[in-house]
Ligand SMILES: Nc1ncnc2c1ncn2[C@@H]1O[C@H](COP(=O)(O)OP(=O)(O)O)[C@@H](O)[C@H]1O
Ligand SMILES: [Mg+2]
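Numbering (my numbering), first residue to last: -5 to 260.
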């Protein structure tokens, strides 16, 4: 294991300040999707964004990725305002988005192309990334022959291999069954521990947020905004079947907030 990431200066801090995002709808109306959002992602931290469908989680994530223009406030990565797609920001969606015509290692190597490494080094790095997710022996397998969990592991390997400063994950495990999800949580935390990339993890699953994150922001709709932020301090690995006091307290608090806001707005 090399220490490439350990020796780098700490980086990957994200500041989201007073963020507002609106969409022009066909017909001329404007939809205020999110407003007044303030989030700090400390370098190397793991932050969850929780909220019901339609509250603006993906919109915020897509704005940090530079996919969606903002209407107010600002987003800065290491003090640089986001002004478009940034190669140092990795994104993982629910859809694995692997190229079906490349093997597992081919998919990882493709993502490394922009680093312009010598061919042998690129292959070695891709193989190391597959090793981190336990798929070294599937390097030559095509996505069509991999299970959903394995495809998402390739997607993780591909993302971490290019050493992004910031990793944005939008309900990455939403399509997986419960058992596979638990395995993916352990795997993700293991790989994250090696790289300490700053992670923003979007989910509507309260347990998933509390199992993974250092800090969780809870959102509500109409327009999307943050209604509560809390720290998660208990040590990892955390298990749903061995809940700590903190886990239960946080879980009850979030459930109550989400229920209250859903009832109030429906
Ligand atoms: N490109 C778009 N054009 C118009 N409305 C959009 C667009 N993207 C998202 N929205 C709207 O913004 C709101 C927030 O959506 P989204 O961020 O996808 O929510 P979430 O990810 O929390 O489910 C929703 O009302 C959605 O319909
Ligand atoms: Mg979404």
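In this text, a Cβ means the ideal position worked out from N, Cα and C, and glycines have one as well. Values in this document were obtained by computation on a predicted structure and should not be read as measured data.
Simplified DSSP state of residue i, which is helix, strand or coil
i	result
residue 24	strand
residue 85	strand
residue -5	Confidence at residue -5 is low in this model, with a pLDDT of 43, below 50, so its placement is unreliable and no value can be given for it.
residue 197	strand
residue 154	helix
residue 61	coil
residue 44	strand
residue 238	coil
residue 161	strand
residue 2	Model confidence at residue 2 stands at a pLDDT of 48, short of 50, so the residue's coordinates are unreliable; what they give is reported in the following sentence. Of the three classes helix, strand and coil, the one that applies to residue 2 here is coil, per DSSP.
residue 191	coil
residue 29	strand
residue 255	helix
residue 50	coil
residue 182	helix
residue 129	coil
residue 80	coil
residue 147	helix
residue 245	helix
residue 250	helix
Opening and closing residue of the beta strand (DSSP E) in which residue i lies
i	result
residue 213	209 to 214
residue 219	219 to 225
residue 138	It is not in any beta strand (DSSP E) - residue 138 carries neither H nor E in the DSSP assignment.
Boundaries of the alpha helix (DSSP H) in which residue i is found, first to last residue
i	result
residue 171	Taken as a continuous stretch (DSSP letters only), residue 171 belongs to no alpha helix (DSSP H), as it is neither H nor E.
residue 12	Where residue 12 is concerned, there is no enclosing alpha helix (DSSP H), although the beta strand (DSSP E) it sits in stretches over 8 to 18.
residue 313	Residue 313 lies beyond the range of the chain shown here (-5 to 260); nothing can be said about it.
residue 104	98 to 106
residue 121	113 to 126
Residues sharing a beta bridge with residue i, DSSP
i	result
residue 176	None; residue 176 has no bridge partner.
residue 68	11
residue 75	70
residue 312	The first residue shown for the chain is -5 and the last is 260, placing residue 312 beyond what the model contains.
Inter-stretch contact at 8 Å, needing at least 3 Cβ pairs: the stretch 150 to 158 / the stretch 50 to 66
No, the stretch 150 to 158 does not touch the stretch 50 to 66.
Between the stretch 177 to 189 and the stretch 23 to 31, can you find at least three pairs of beta-carbon atoms closer than 8 Å? Counting C-beta pairs with one atom in each stretch, the stretch 23 to 31 and the stretch 177 to 189 have fewer than three that are closer than 8 Å, which means they do not touch.
ask   = Is the number of C-beta pairs between the stretch 118 to 131 and the stretch 141 to 153 that are closer than 8 Å three or more?
value = Result yes; three or more Cβ-Cβ pairs closer than 8 Å.
Q) Counting pairs of beta carbons, one from the stretch 46 to 63 and one from the stretch 99 to 118, are three or more of them closer than 8 Å? A) Under the Cβ criterion (8 Å, minimum of three pairs), the stretch 46 to 63 does not count as touching the stretch 99 to 118.
Quick one: any contact between the stretch 109 to 122 and the stretch 158 to 170, if contact means 3 or more CB pairs under 8 Å?
No, they do not touch.
Do the stretch 216 to 224 and the stretch 42 to 51 meet, that is, are 3 or more Cβ pairs less than 8 Å apart? Because the criterion of three Cβ pairs below 8 Å is met, the stretch 216 to 224 and the stretch 42 to 51 touch.
Discussion item. Is it the case that the stretch 230 to 244 contacts the stretch 69 to 77, given that we only count it when at least three CB pairs across the two stretches are under 8 Å?
Written reply: Contact between the stretch 69 to 77 and the stretch 230 to 244 is absent: fewer than 3 CB-CB pairs across the two stretches fall below 8 Å.
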